[in-house]
Amino acid sequence: LEEGIVTLSNRTFRACSNLAEVELPSTLTSIEEGAFQKAGLVSIEIPENVTTVAQNACVSARSVSEIIIPDSVTSIETSAFGSCSGLKKVTIESDCVQFQEIPFNGCSALEEFCGPLASADGNCLIKDDKLISTATYGQTVLCIPEGVRQITFFSVSGSTLKYVFFPASIQRIVTPAFDLPSGVTLQ
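Throughout, the working numbering is defined as the position within the sequence shown, counted from one, plus 613.
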């Protein structure tokens, strides 16, 4: 895409399953709803000037395995990266980003969060003492770190989890907070 483009409009590359790579211009400031919905992208590197990733912007982009979100992004809206079933790693470079509900819901292969909002083990994305999402692919145990006070809407998921341990700091659990298989022990 050429420099000068500031917005990727609604559904720009929706269902472009053969689109494996796109170089986004540095002038881009906004990725609107469904811009990459069901696209075939392998990775997404969001340019430094983008401030908003809209609702469902990349939902169901099943081939994407890594996303890098620069520190310019201040808002990630509802299900922006939801159901990216091949997504393994998310790097969020800023601690100032605000999240709406379930930004990574349904990302069943998610292994790691990186950046200042990630827990030390990379399994939890935490903002303002709230658990936003978990990365638990292939793991049987999730230990939510001390200091987390709220479990947010559908923030705890993992098809292989057997145990979820909560810290003493938990004060509130928003329902529904869990997307877990039967038989999981919550402690």
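Where is the CB? At the ideal position from N, CA and C, for every residue including glycine.
Bear in mind that the values here come from a model prediction, so they are computed numbers and not experimental data.
Query	Result
Quick check on the DSSP output: the beta strand (DSSP E) that includes cysteine 727 runs from which residue to which?	725-727
Taking valine 754 as part of the beta strand (DSSP E), name the residues at either end of that continuous run.	754-756
Applying the 10 Å Cβ sphere with the 16-neighbour rule, what's the burial state of asparagine 718?	buried
Leaving out five residues on either side along the sequence, give the residues of the same chain with a beta carbon under 6 Å from the beta carbon of serine 643.	Thr620 and Thr665
Any idea what DSSP makes of arginine 785, helix, strand or coil?	strand
My assumption, with CB atoms under 8 Å, is that isoleucine 682 sits in contact with isoleucine 659. Please give the rounded CB distance.	6 Å
Can you find a heavy atom of the ligand MN that lies under 6 Å from the Cβ of arginine 785?	Absence of the ligand MN is noted for the structure shown, with no ligands found whatsoever.
Provide the residue(s) that pair with leucine 799 in DSSP beta bridges, ordered along the chain.	Val777
Just to confirm before moving on: does the CB-CB distance between asparagine 736 and threonine 753 stay below 7 Å?	no
Does any residue of chain B bring its CB to less than 7 Å from the CB of arginine 762?	Judged by its chain identifiers, the structure shown contains no chain B, having just a single protein chain.
If I measure Cβ to Cβ from glutamate 615 and keep anything under 7 Å in the same chain, skipping five residues before and after, which residues do I get?	Pro638
Can you find the residues in the same chain that come closer than 7 Å, C-beta to C-beta, to threonine 640, ignoring five residues on each side of it along the sequence?	Glu616, Gly617, Ile618, Val619 and Asn662
Using the rule of at least 16 other Cβ atoms within 10 Å of the residue's Cβ for burial, across every protein chain shown, is threonine 687 buried or exposed?	exposed
Select from Ser673, Val672, Asp684 and Cys629 the residue whose C-alpha is nearest the C-alpha of aspartate 708.	Asp684
Decide if glutamine 711 is buried, meaning its Cβ has at least 16 other Cβ atoms within 10 Å, or exposed.	exposed
In the DSSP assignment, what are the bridge partners of valine 703?	Ile680 and Phe726
Please say whether glycine 699 and asparagine 669 have beta carbons closer to each other than 7 Å?	no
My understanding is that alanine 790 touches isoleucine 764, with C-beta atoms under 8 Å, so please give their C-beta distance in whole angstroms.	5 Å
Quick one, are the C-beta atoms of glycine 695 and valine 672 less than 7 Å apart?	yes
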